[in-house]
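See structure below.
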Amino acid sequence: MRGFSFKYKTFVILIAGLLWLSTSAVCNAATTGKYWRHTHKSKPRQRLKVNVLGYGAKGDGESDDTKAFQAAWGDACKSEASMMIVPLGYKFLVGPTSFSGSNCHKNITFKLDGTILAPTNSKAWGAGVDQWLEFTNLVGFKIKGKGTLDGRGSVWWTDSFRDFKQVSGPMDGKKQRSRPTALMIVGGAKMTVTGITIQNSPQFHLTFDNCDGVLVHHISISSPGDSPNTDGIHLRNTKNVIIHHTNLACGDDCISIQTGCTNVLIHDVHCGPGHGISIGSLGIDGTTGCVSNITVRNIKLHNTMTGVRIKTWQGAKGMVRGVSFSNIEVSKVEVPIMINQYYCDHSFCENRSAAVSIANISYENIKGSYTVQPLHLSCSDSKPCMNLNLSDIELKPKPNGHQMAEPFCWQAFGELNAPIIPEIDCLQEEHTSKRWGHHDAKCAA
Ligand SMILES: *[C@@H]1O[C@H](CO)[C@@H](O)[C@H](O)[C@H]1NC(C)=O
Ligand SMILES: *[C@@H]1O[C@H](CO)[C@@H](O)[C@H](O)[C@H]1NC(C)=O
Ligand SMILES: *[C@@H]1O[C@H](CO)[C@@H](O)[C@H](O)[C@H]1NC(C)=O
Ligand SMILES: *[C@@H]1O[C@H](CO)[C@@H](O)[C@H](O)[C@H]1NC(C)=O
Ligand SMILES: *[C@@H]1O[C@H](CO)[C@@H](O)[C@H](O)[C@H]1NC(C)=O
Numbered sequence: 027m028r029g030f031s032f033k034y035k036t037f038v039i040l041i042a043g044l045l046w047l048s049t050s051a052v053c054n055a056a057t058t059g060k061y062w063r064h065t066h067k068s069k070p071r072q073r074l075k076v077n078v079l080g081y082g083a084k085g086d087g088e089s090d091d092t093k094a095f096q097a098a099w100g101d102a103c104k105s106e107a108s109m110m111i112v113p114l115g116y117k118f119l120v121g122p123t124s125f126s127g128s129n130c131h132k133n134i135t136f137k138l139d140g141t142i143l144a145p146t147n148s149k150a151w152g153a154g155v156d157q158w159l160e161f162t163n164l165v166g167f168k169i170k171g172k173g174t175l176d177g178r179g180s181v182w183w184t185d186s187f188r189d190f191k192q193v194s195g196p197m198d199g200k201k202q203r204s205r206p207t208a209l210m211i212v213g214g215a216k217m218t219v220t221g222i223t224i225q226n227s228p229q230f231h232l233t234f235d236n237c238d239g240v241l242v243h244h245i246s247i248s249s250p251g252d253s254p255n256t257d258g259i260h261l262r263n264t265k266n267v268i269i270h271h272t273n274l275a276c277g278d279d280c281i282s283i284q285t286g287c288t289n290v291l292i293h294d295v296h297c298g299p300g301h302g303i304s305i306g307s308l309g310i311d312g313t314t315g316c317v318s319n320i321t322v323r324n325i326k327l328h329n330t331m332t333g334v335r336i337k338t339w340q341g342a343k344g345m346v347r348g349v350s351f352s353n354i355e356v357s358k359v360e361v362p363i364m365i366n367q368y369y370c371d372h373s374f375c376e377n378r379s380a381a382v383s384i385a386n387i388s389y390e391n392i393k394g395s396y397t398v399q400p401l402h403l404s405c406s407d408s409k410p411c412m413n414l415n416l417s418d419i420e421l422k423p424k425p426n427g428h429q430m431a432e433p434f435c436w437q438a439f440g441e442l443n444a445p446i447i448p449e450i451d452c453l454q455e456e457h458t459s460k461r462w463g464h465h466d467a468k469c470a471a
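For the sequence shown, our numbering assigns the number 27 to the initial residue and increments by one for each residue that follows.
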């Protein structure tokens, strides 16, 4: 019996071994067959890679590759930490597209090494889109690479193309359509954008809306200084943001920080041409503007309209608290330091007493040349600017054909720490701090 049992065991083990070998060979073959086109050899986990060329994208700059991009995204979305590849050496024409992430896995990478072109004919834009490429509700999403998003916005900028901005309304013929943002990132968390260039957007280049955790570095944004409303980076209702080592050249604010933003750090950024680094405008149409804890340092501004600016509308509510601007180098900047609580983007705005309250703003080590006015602090009668702290300011005139003006302050309170050049004698001392800190500002913590 023992002998039989031994032989039987050996036999069973042998058969089991053969079975194991053959099934694993089959499995491997299946895996290789299925993923061969898209995957590299993977370490512990498969990281799916999808290349838009594998989905029928032509990349010739003329064929419409929108569907291929959507299909590639559809697959990338289904796999954690996948990568969607837009390869070098191709120009992909892609119409307005929303890459939605509500059902997508985390940590997807959009690897942009080639160029993506926006359509330049009105039809391809359809009616009423506010953005060209949109990524929504993604977590751990990353856009990286050496590639370019080209919004080809010049068709939107000039009057001769007014027709382009008009679309047929449902009833009454033509209506004006707003110019789209090139890259819009909405409702995401832990987002990174790095390496890429975004150029010639019809309007804003890169907008983050309702995001928590944003890292932008080593990107480049470029459009002509006279292109209308082409903000570089636009932040709205977004917190925990770091933007660094980035070049911004555009026709409006290089960086614009809108209501709902907090904990924002911006450093080692070049701006120009453009309108500078701006908080606001806040509080349009009596709305509430809330911005806090913003740090802006090691910035170079060249040939810009303003340097560092806070702008709010009259009749608004809310507050701006805890802003620090330091190590700011300006050259040929019209007005390097500005607060404007009378912001009005058209010719006439009615005087209103309500205002966004502004306090605890520091300016340290701001140096270089201006072409109009070194400093302009125009604060509200009802809500003066409080606790402004200016230290180590050295601004020299560089006449450029504009009429030059002296430093100007209105209802601005704070302290000066030498050196301050030119002399600023319009800032008022704070005798009491009880004028700020208890405003009717309603900003969520
Ligand atoms: C996503 O990436 C982050 C950072 O690398 C990592 O900590 C996290 O575990 C990843 N999450 C998933 C679901 O892969
Ligand atoms: C202010 O923002 C910085 C990032 O710039 C962050 O490290 C810091 O924790 C924030 N402070 C508070 C009080 O939230
Ligand atoms: C003023 O703002 C700075 C950050 O810029 C912050 O550290 C400080 O706590 C604020 N002070 C008050 C009184 O709000
Ligand atoms: C608004 O107030 C300013 C300053 O008091 C004054 O110069 C200006 O005329 C007022 N404008 C209107 C439209 O009332
Ligand atoms: C103003 O800034 C200077 C330079 O950073 C600093 O030494 C001083 O304490 C600040 N004053 C206040 C009231 O925060």
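In this text, a Cβ means the ideal position worked out from N, Cα and C, and glycines have one as well.
Bear in mind that the values here come from a model prediction, so they are computed numbers and not experimental data.
Exercise for the section: Quick one: grab the DSSP three-state call for L79. Expected result: Along the sequence shown, one-based indexing puts residue 79 at 53. Here L79 sits in helix by DSSP.
Handout entry: Heavy atom of ligand 5 within 7 Å of E420 beta-carbon
Key = As a first step, residue 420 must be located in the sequence shown, where it is residue number 394. No, the Cβ of E420 stays beyond 7 Å of every heavy atom of ligand 5.
Practice task
Assign S383 to one of three DSSP states: helix, strand, or coil.
Solution key: To locate residue 383, count along the sequence shown from 1; it is residue 357. Residue state, collapsed to three classes: strand.
Handout entry: Cβ shell of H271 (< 6 Å), same chain only, five flanking positions each side left out
Key = By 1-based counting over the sequence shown, the position of residue 271 is 245. So the list reads H243, H244, D294, once near-sequence residues are dropped.
Exercise for the section: Please report how far the alpha carbon of I224 lies from the alpha carbon of T321, in whole angstroms. Expected result: By one-based count along the sequence shown, residue 224 stands at place 198. By one-based count along the sequence shown, residue 321 stands at place 295. Rounded to the nearest angstrom, the two C-alpha atoms are 24 Å apart.
Problem - Contact check, C280 vs G300, beta carbons under 8 Å - result: The residue given as residue 280 occupies position 254 in the sequence shown. The residue given as residue 300 occupies position 274 in the sequence shown. In contact: C280 and G300 (Cβ atoms closer than 8 Å).
Exercise for the section: Could you tell me the distance, in whole angstroms, from the CA atom of K468 to the CA atom of I450? Expected result: Counting from one through the sequence shown, the residue named residue 468 turns up at place 442. Counting from one through the sequence shown, the residue named residue 450 turns up at place 424. Distance between the alpha carbons of K468 and I450 is about 33 Å.
Handout entry: Any chain D beta carbon closer than 8 Å to N266
Key = Absent here is chain D; the protein component of the structure consists of one chain.
Problem - Distance, V181 Cα to K168 Cα - result: The count along the sequence shown starts at 1 and reaches residue 168 at position 142. The count along the sequence shown starts at 1 and reaches residue 181 at position 155. One C-alpha to the other measures close to 30 Å.
Exercise for the section: Could you please give the first and the last residue of the uninterrupted beta strand (DSSP E) stretch that includes S417? Expected result: For the purposes of this step, residue 417 is taken as residue 391 along the sequence shown, with counting starting at 1. From DSSP, the beta strand (DSSP E) with S417 extends over 411–423.
Exercise for the section: Could you pull out every residue in the same chain whose Cβ sits closer than 6 Å to the Cβ of H348, ignoring the five residues on either side in sequence? Expected result: To locate residue 348, count along the sequence shown from 1; it is residue 322. At residue 348 the sequence reads Gly, which differs from the His that was named. For G348, same chain residues with a beta-carbon under 6 Å away, outside a window of 5 residues either side, are S318, N319, N386 in chain order.
Problem - Collapsed DSSP secondary structure at V242 in the structure displayed - result: Here residue 242 refers to the residue found at position 216 when the sequence shown is read from its first residue. In this structure, V242 counts as strand in the three-state DSSP scheme.
Exercise for the section: Would you mind listing the beta strand (DSSP E) stretches within the region 263–346 that are 3+ residues and don't spill past its ends, in chain order? Expected result: 265–275, 281–283, 287–297, 303–308, 314–328, 332–339
Problem - Contact set, ligand 1 heavy atom to C-beta under 6 Å - result: E106, A107, K132, N133, G166
Practice task
Report whether the distance from the Cβ of N319 to the nearest heavy atom of ligand 5 is below 7 Å.
Solution key: Mapped onto the sequence shown, residue 319 falls at position 293. False, no ligand heavy atom lies under 7 Å from that Cβ.
Handout entry: Span of the alpha helix (DSSP H), counted from its first residue to its last, around C469
Key = Working through the sequence shown from its first residue, we reach residue 469 at position 443. C469 -> no alpha helix (DSSP H), and no H or E assigned at all.
Exercise for the section: Have a look at Y389 and Y396 and give me their C-alpha separation to the nearest angstrom. Expected result: The count along the sequence shown starts at 1 and reaches residue 389 at position 363. The count along the sequence shown starts at 1 and reaches residue 396 at position 370. Their backbone Cα atoms lie some 16 Å apart in a straight line.
Exercise for the section: Report yes if the C-beta of L291 is less than 7 Å from at least one heavy atom of ligand 2; otherwise report no. Expected result: Taking the first residue of the sequence shown as position 1, residue 291 is located at position 265. Yes, Cβ of L291 sits closer than 7 Å to a heavy atom of ligand 2.
Problem - Rounded C-alpha distance that separates I211 from E355 - result: One-based indexing of the sequence shown puts residue 211 at position 185. One-based indexing of the sequence shown puts residue 355 at position 329. Approximately 30 Å between the Cα atoms of the pair.
Problem - Backbone CA spacing between G214 and P425 [nearest angstrom] - result: Against the sequence shown, residue 214 aligns to sequence position 188. Against the sequence shown, residue 425 aligns to sequence position 399. In this structure, the straight-line span from the alpha carbon of G214 to that of P425 is close to 45 Å.
Exercise for the section: Go to V155, then tell me how far its alpha helix (DSSP H) extends in each direction, as first and last residue. Expected result: Mapped onto the sequence shown, residue 155 falls at position 129. It is not in any alpha helix (DSSP H) - V155 carries neither H nor E in the DSSP assignment.
Practice task
With hydrogens ignored, establish whether the beta-carbon of S388 is closer than 7 Å to any heavy atom of ligand 5.
Solution key: On the sequence shown, residue 388 is found 362 positions in, with the first residue counted as 1. Within the cutoff, so yes.
Handout entry: Closer than 7 Å: N353 CB and nearest ligand 5 heavy atom
Key = As a first step, residue 353 is located in the sequence shown; it is residue number 327 there, counting from the start. The answer is no for N353.
Problem - Boundaries (first-last residue) of the beta strand (DSSP E) holding F234 - result: Mapped onto the sequence shown, residue 234 falls at position 208. Per DSSP, the continuous beta strand (DSSP E) segment holding F234 begins and ends at 232–235.
Exercise for the section: Starting from the C-beta of Y369, find all residues in its chain whose C-beta is less than 7 Å away, skip the five residues before and the five after it, and write them out in chain order. Expected result: By one-based count along the sequence shown, residue 369 stands at place 343. Result list for Y369: G306, S307, K337, T338, W339, in chain order.
Problem - Beta-carbon proximity check, L403 vs C375, cutoff 8 Å - result: Within the sequence shown, residue 403 is the residue found at index 377, counting from 1. Within the sequence shown, residue 375 is the residue found at index 349, counting from 1. Contact: no.
Problem - Bridge-paired residues (DSSP) for G394 - result: Locating residue 394 in the sequence shown gives position 368, where the first residue counts as 1. In DSSP, G394 forms a bridge with V356, L421.
Exercise for the section: Using the DSSP secondary-structure output, state which residues sit across from T220 in a beta bridge. Expected result: Taking the sequence shown and counting its residues from 1, one reaches residue 220 at position 194. K170, H243, per the DSSP bridge assignment.
Problem - Status (buried if at least 16 other CB within 10 Å, exposed otherwise) for T256 - result: To locate residue 256, count along the sequence shown from 1; it is residue 230. Answer is buried; the Cβ neighbour count reaches 16.
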